[in-house]
Amino acid sequence: MSGKIVGIVILVSALIAGAALYYLQIYGFYHEVPEPKVELVSLTSQEPEEIAADNLQAIDADSSPIRFRACFTHDISLAMATETYEMTNHTDPRNAPGWFDCFDAPAIGAEIEAGTALTFLGGKNVHYGVDRIVALTDDGRGYIWHELNDCGEKSYDGTVVGEACPERPAN
337 MSGKIVGIVI LVSALIAGAA LYYLQIYGFY HEVPEPKVEL VSLTSQEPEE
387 IAADNLQAID ADSSPIRFRA CFTHDISLAM ATETYEMTNH TDPRNAPGWF
437 DCFDAPAIGA EIEAGTALTF LGGKNVHYGV DRIVALTDDG RGYIWHELND
487 CGEKSYDGTV VGEACPERPA N
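Numbering (my numbering), first residue to last: 337 to 507.
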């Protein structure tokens, strides 16, 4: 009899812990970004410049610098964007939580692969070792996510960071 009770207690504890972990990963840490803006790095100044964006929705989490996701609409032609802003080769957007339904990473990736969307640098080192990537589609939709840059990949995997990387900020 006591073995059944111990087994039930362990099973119930595991279910509660699993449900809490699921909730925290999918919902708990995310928050809406107040007053988000869309920026692209200019080819001439190498500085981020704000672009006009409508219907901007953005989420982020303090638990990780690569959890930022955003969706928006724009009226910039891809031809003009390629001549004005710095392009990047990050073509694999990170998945967003299922409840943030405007950001469908596989569909965005397919558009980038098909050439109907292009990726641009939205900001270098928005967090240490993390760049902001902006994808613009030819039909006026846009998406933003964060991606580790070379310094971030080296820093977070334990590889010695070279002189080209900035100093990691102290907390």
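For every residue, glycine included, the Cβ atom is placed at its ideal position computed from N, Cα and C.
Can you give me the start and stop residues for the alpha helix (DSSP H) that Y319 sits inside?
The chain is shown from 337 up to 507; residue 319 falls before or after that span and cannot be answered.
Beta strand (DSSP E) segment containing P384, residue limits
384-387
When the Cα atoms are used, what is the spatial distance from E419 to I362?
38 Å
Comparing C-alpha positions only, which one of R403, G364, W481, D440 sits nearest to G459?
W481
Beta-carbon separation (whole angstroms), G478 vs F404, contact threshold 8 Å
So it is not a contact: roughly 14 Å between Cβ atoms.
Three-way DSSP call (helix, strand, coil) for I412 in this model
coil
Which one of A350, A355, G343, H426 has the shortest CA to CA distance from L472?
H426
What does D475 pair with, by DSSP beta-bridge criteria?
In DSSP, D475 forms no bridge with anything.
Cα-Cα separation between G354 and I395, rounded to whole angstroms
24 Å
Three-state class that DSSP yields for I395 in the structure shown
strand
With a cut-off of 8 Å on the beta carbons, I'd call A441 and N431 a contact; round off their distance for me.
5 Å
Spatial distance of S413 from I346 (CA atoms)
58 Å
Is G458 helix, strand or coil when you go by DSSP?
strand
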